[in-house]
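Visitor:
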């Protein structure tokens, strides 16, 4: 794609407000959307996310009373995904998860783990000056949102509509999802949702502030 084509794609992408229940995203296309999330950048390459595809209609119906931002959309969307962030204990230096990333995923030698963890400790405690677990979880969530952004762009590139969903009651949803065994609350916390499908409604013209309002150049 040319730069002009990519820019036009971003101009055309919008958040769907209503979906056509008769049109479904193919499994091949959905796999490409997930791949866009999987291949997203993350701090130190730690990939602090997990994606959960929720197909169970009974579970979705139980979730909807706690998801005001999904009403009118999720009922007819083709695919629905919860994006989770890894909890603080999972992201501690020398955790089994970070050791797995270092040795098994990135194939670095075990001998280099100490130096990497030392750099990581400096990063979280001094460079970023995280004081609380909440700050660390928010740092994880920022990275989950990078994965979400890539998923939204990939879906738009394939002509698939999407709706990121932040309008939900976090505590009751976390209780519901963990009670149903969707994820382990010791490992993950709920960050954001997204649904995909094909829009069944006209959308208003996209508006954004001009570049002059969002970009400052320091020479």
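Numbering (my numbering), first residue to last: 1 to 219. The beta-carbon is built from N, C-alpha and C at its ideal position, and this holds for glycine as well.
Report all residues from its chain with a CB closer than 7 Å to the CB of residue 29; omit the five preceding and five following residues, and keep chain order.
Guide: As a position in the chain shown, residue 29 is number 29, starting the count at 1. For residue 29, where only same-chain residues beyond five positions count, the Cβ hits under 7 Å are 158, 160.
Visitor: Looking only at C-alpha atoms, which of 14, 195, 138 sits nearest to residue 207?
Guide: Residue 207 sits at position 207 when you count from the first residue of the chain shown. The candidate whose alpha carbon is nearest that of residue 207 is 14.
Visitor: Roughly how many whole angstroms lie between the Cα atoms of residue 153 and residue 38?
Guide: Residue mapping note: residue 153 aligns to position 153 of the chain shown, counting from 1. Residue mapping note: residue 38 aligns to position 38 of the chain shown, counting from 1. When rounded, the distance between both Cα atoms is 13 Å.
Visitor: Inspect the beta-carbon positions of residue 53 and residue 7 and report whether they are closer than 7 Å.
Guide: By 1-based counting over the chain shown, the position of residue 53 is 53. By 1-based counting over the chain shown, the position of residue 7 is 7. No, Cβ-Cβ distance for residue 53 and residue 7 is not below 7 Å.
Visitor: Taking the C-alpha atoms as reference points, what is the distance between residue 131 and residue 124?
Guide: Counting from 1 along the chain shown, the entry for residue 131 is found at position 131. Counting from 1 along the chain shown, the entry for residue 124 is found at position 124. For residue 131 and residue 124, the distance between alpha carbons rounds to 9 Å.
Visitor: With contact counted as at least three CB pairs below 8 Å, one residue from each stretch, are the stretch 106 to 126 and the stretch 212 to 219 in contact?
Guide: no
Visitor: Excluding the 5 residues preceding and the 5 following residue 193 in the sequence, name in chain order all residues of the same chain whose CB lies nearer than 6 Å to its CB.
Guide: Within the chain shown, residue 193 is the residue found at index 193, counting from 1. Same-chain partners within the cutoff: 82, 165.
Visitor: Report the rounded CA-to-CA distance for residue 221 versus residue 137, giving the unit in angstroms.
Guide: This structure leaves residue 221 out entirely; the chain is present only between 1 and 219.
Visitor: Could you tell me which uninterrupted beta strand (DSSP E) segments, each at least 3 residues in length, are contained entirely in the stretch 148 to 199, listed from first to last along the chain?
Guide: 161 to 165, 188 to 197
Visitor: Considering only C-alpha positions, which residue in the set 44, 85, 64 is nearest to residue 121?
Guide: Start at 1 with the first residue of the chain shown, and residue 121 comes out as number 121. That would be 44, whose Cα lies nearest to the Cα of residue 121.
Visitor: Once the 5 residues before and after residue 169 are set aside, which same chain residues still bring their CB inside 6 Å of it?
Guide: Indexing the chain shown from 1 puts residue 169 at position 169. Only 66 meet the Cβ criterion.
Visitor: Can you tell me where the alpha helix (DSSP H) with residue 100 in it begins and where it stops?
Guide: In the chain shown, residue 100 corresponds to position 100, counting from 1. From DSSP, the alpha helix (DSSP H) with residue 100 extends over 96 to 100.
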